[in-house]
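Taken in order, the sequence shown gives residues 52 to 472; the numbers are from this note's numbering.
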Amino acid sequence: MKATILNIGDELLIGQVVNTNASSMSQMLIAAGIDVCGTFVIGDRADDIDFYLRHCIERSDVVLITGGLGPTKDDITKKTLCDFFHSELYENQEALTNVKRIFDARGYELTPINRQQAWVPRCCTMVNNILGTAPCMWFDYQGKVVVSMPGVPFEMVNLMQTEIIPRLQAHFRTDQIVNKNILVQGIGESFLSDLIEPWELSLPSTIRLAYLPQSGMLKLRLTARGSHDDRALLQQQIDRAVAELYPIAGQYIVGEDLETLPELVAYTMKRHHATLATAESCTGGALASQLTAMAGASEYYRGGVVAYSNEVKECALGVSHQTLLDHGAVSEETVRQMAEGARSRLGSDYAVATTGIAGPGGGTPQKPVGTVWIAVASRQQTVARLLHFGDRRAQTIERTCNAVWSDLIKLVNQNNPVKPL
Numbered sequence: 052m053k054a055t056i057l058n059i060g061d062e063l064l065i066g067q068v069v070n071t072n073a074s075s076m077s078q079m080l081i082a083a084g085i086d087v088c089g090t091f092v093i094g095d096r097a098d099d100i101d102f103y104l105r106h107c108i109e110r111s112d113v114v115l116i117t118g119g120l121g122p123t124k125d126d127i128t129k130k131t132l133c134d135f136f137h138s139e140l141y142e143n144q145e146a147l148t149n150v151k152r153i154f155d156a157r158g159y160e161l162t163p164i165n166r167q168q169a170w171v172p173r174c175c176t177m178v179n180n181i182l183g184t185a186p187c188m189w190f191d192y193q194g195k196v197v198v199s200m201p202g203v204p205f206e207m208v209n210l211m212q213t214e215i216i217p218r219l220q221a222h223f224r225t226d227q228i229v230n231k232n233i234l235v236q237g238i239g240e241s242f243l244s245d246l247i248e249p250w251e252l253s254l255p256s257t258i259r260l261a262y263l264p265q266s267g268m269l270k271l272r273l274t275a276r277g278s279h280d281d282r283a284l285l286q287q288q289i290d291r292a293v294a295e296l297y298p299i300a301g302q303y304i305v306g307e308d309l310e311t312l313p314e315l316v317a318y319t320m321k322r323h324h325a326t327l328a329t330a331e332s333c334t335g336g337a338l339a340s341q342l343t344a345m346a347g348a349s350e351y352y353r354g355g356v357v358a359y360s361n362e363v364k365e366c367a368l369g370v371s372h373q374t375l376l377d378h379g380a381v382s383e384e385t386v387r388q389m390a391e392g393a394r395s396r397l398g399s400d401y402a403v404a405t406t407g408i409a410g411p412g413g414g415t416p417q418k419p420v421g422t423v424w425i426a427v428a429s430r431q432q433t434v435a436r437l438l439h440f441g442d443r444r445a446q447t448i449e450r451t452c453n454a455v456w457s458d459l460i461k462l463v464n465q466n467n468p469v470k471p472l
């Protein structure tokens, strides 16, 4: 079973809005056992919608469309679909009830133009959108399925999760898919590939391995695919493959089953009932931002200090004035005192610290741009590490964050090797 994604909107085409819908939809489809054979981004033009819709229907079983369902004149998707399927628009009472409910809740008057949101092609199955006024439309066409959804990301995600994916799985007998993520750090992609090549070649034909490099880390994704009744067997094959990987590359594996290192940090801190503080210079609050972007951060994150100046390093974190004079802000001695000061002053079990030269200026022959010191402090010990990341500021910050999280996870797990959930 194959699906094609068609994202509509001039704002997407010109880059004014980042198209997050495509990645979200792809991930949900793949997890449901539906292959994605293409993604297209087009503008709000009827001839383009008609052309690409025909193309997508020819090459896939399912076409998922987002965008162009608003009440204004530039939102033409619904009218274009109506013409494509040789249908007519009518006012759907269930959709109208939903529009009235949303307008009443917001204290808005339902104007004639907004009432048009309840009009849908007569040939479609209306799927109610409880989070917005634009209804979702399901079309059965020559053995294929076409679904049109609003382009607002949180509305689309809710519709996909609660309505569209379950309906597609019921409509088509989809494959079973089991995924496993392995987070790796401390080894390059090519070196890891050479290291695990015999293991990779011995994987069953039902398992595919993908190398997904990210800045400062690497994710291995194992995907086992089989028929509808094979889930238990696929899970056993995945578990066996992972168990065989650890003796070969276990020293580089920092976690499983999560998409990112910050997610793994959250899981690790909650698992061991540990608290964390941050002290940041060159990362400028990026560590704190990554933690607080996830729900539940208050369970383990105490807080942080962005100590960009030496004065703040001294007064807020307790870094010695003499240390700064003798060794400078970008040094092992300073980053250790930053981490220890954050841990003691914020009352946490662990603290992490960063100091460096993110660039593009500020470097010296002794400490060139991209020089970074990181540290992790616990109640028992402090570990520090020198890193060199080059002269790209954004990349340096991202890689520094990933290195900090990796070192933190390793230290916490070393201190709590068998502590239960």
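C-beta atoms are modelled at their ideal positions from N, C-alpha and C, and glycine is treated no differently.
If we ignore side chains and look at the alpha-carbon of each, how far apart do residue i and residue j end up?
i, j, result
"Gly413", "Pro419", "8 Å"
"Val455", "Glu449", "10 Å"
"Asn58", "Ala97", "13 Å"
"Val87", "Leu284", "24 Å"
"Ser111", "Glu314", "34 Å"
"Val196", "Val114", "6 Å"
"Gly369", "Gly392", "6 Å"
"Val363", "Tyr318", "31 Å"
"Ala402", "Leu342", "13 Å"
"Val423", "Gly407", "4 Å"
"Tyr192", "His106", "14 Å"
"Ser349", "His323", "15 Å"
"Asp281", "Lys231", "16 Å"
"Ser278", "Val69", "36 Å"
"Lys470", "Gly89", "Any reading at Lys470 must be qualified, since the residue scores a pLDDT of 41, below 50, and its modelled position is unreliable; the value itself is stated next. Straight-line Cα distance between these residues: approximately 45 Å."
"His378", "Glu331", "18 Å"
"Gly194", "Val357", "58 Å"
"Leu263", "Cys133", "41 Å"
"Gln212", "Met79", "8 Å"
"Gln265", "Leu140", "47 Å"
"Ser457", "Val316", "8 Å"
"Ile108", "Glu295", "42 Å"
With a threshold of 7 Å on Cβ separation, who are the neighbours of residue i within its own chain once the five nearest residues in sequence on each side are excluded?
i, result
"Arg444", "Ala409, Gly410 and Pro411"
"Leu182", "Phe205, Glu206 and Asn209"
"Gln288", "Pro255, Thr257, Ile258 and Ala275"
"Gln67", "none"
"Asn467", "His323"
"Phe136", "Pro172, Cys174, Phe190 and Tyr192"
For residue i, which residues from the same chain have a beta carbon less than 6 Å from its beta carbon, with the 5 sequence-adjacent residues on both sides left out?
i, result
"Ile247", "Ile299 and Ala300"
"Asp125", "Asp95"
"Met200", "Thr117, Cys187, Met207 and Leu210"
"Asp400", "Ala325 and Thr326"
"Ser138", "Pro172, Arg173 and Cys174"
"Met320", "Leu327 and Tyr351"
"Asn165", "Pro122"
Locate the beta strand (DSSP E) running through residue i, then write down its first and last residues.
i, result
"Pro172", "Trp170 to Pro172"
"Leu437", "Thr433 to His439"
"Tyr401", "Tyr401 to Gly407"
"Thr176", "Thr176 to Val178"
"Ile56", "Lys53 to Ile59"
Nearest CA to the CA of residue i: which residue from the options?
i, options, result
"Leu63", "Gly119, Ile238 and Met76", "Gly119"
"Phe91", "Gln227, Tyr103 and Gly355", "Tyr103"
"Pro122", "Asn143, Ile85 and Gln168", "Gln168"
"Asp202", "Arg218, Ala185 and Tyr192", "With the sequence shown as reference, residue 202 is identified as Gly, and Asp is not the correct amino acid for it. Taking only the C-alpha atoms, the option nearest Gly202 is Ala185."
"Gly354", "Asp377, Ala404, Tyr159 and His439", "Ala404"
"Lys129", "Trp170, Lys151, His323 and Ala428", "Trp170"
"Leu462", "Thr447, Ile127 and Ala426", "Ala426"
"Gln465", "Phe440, Gln432, Asp442 and Thr447", "Gln432"
"Ile180", "Val198, Ala346 and Ala54", "Rather than Ile, the amino acid found at residue 180 in this sequence is Asn. For Asn180, the nearest C-alpha among the options comes from Val198."
"Ser253", "Ile233, Arg291, Pro217 and Phe223", "Arg291"
"Thr415", "Asp442, Arg218, Cys366 and Ala428", "Asp442"
Quick one: residues in its chain with C-beta nearer than 8 Å to the C-beta of residue i, no 5 flanking neighbours on either side, listed in chain order?
i, result
"Tyr303", "Val235, Gln236, Gly237, Ile238 and Leu243"
"Ile93", "Leu57, Asn58, Ile59, Leu64, Asp99, Ile100 and Tyr103"
"Gly84", "Met52, Gln220, Thr225, Asp226, Gln227, Ile228 and Arg276"
"Leu472", "Residue placement at Leu472 cannot be trusted, given a pLDDT of 33 that sits under 50; what the coordinates show is reported in the next sentence. Excluding residues within five positions, the ones whose Cβ falls inside 8 Å are Arg322."
"Asn143", "Ala169, Trp170, Val171, Met177 and Pro186"
"Leu376", "none"
"Ser75", "Pro204, Met207, Val208 and Met211"
"Glu365", "Ser371, His372 and Leu375"
Pull up the CB-CB distance for residue i and residue j, whole angstroms please, since I reckon it's below 8 Å.
i, j, result
"Cys452", "Thr329", "That belief does not hold up - the Cβ atoms of Cys452 and Thr329 are roughly 10 Å apart, past 8 Å."
"Glu383", "Leu338", "That pair is no contact at about 19 Å."
"Leu492", "Glu240", "Residue 492 lies beyond the residue range present for the chain, which begins at 52 and ends at 472; the question has no answer from this structure."
"Met177", "Ala156", "The Cβ separation is near 20 Å, so there is no contact."
"Ile460", "Val293", "Rounded, the Cβ-Cβ distance is 18 Å, inconsistent with contact."
"Ala435", "Val381", "Not quite, the Cβ-Cβ distance comes to about 12 Å (not below 8 Å), so this is no contact."
For the alpha helix (DSSP H) holding residue i, just list the boundary residues, first then last.
i, result
"Glu240", "Glu240 to Leu246"
"Ile81", "Thr71 to Ala82"
"Glu145", "Gln144 to Arg157"
"Glu362", "Asn361 to Leu368"
"Lys130", "Thr128 to Phe135"
"Phe205", "Pro204 to Leu210"
"Gly392", "Glu383 to Leu397"
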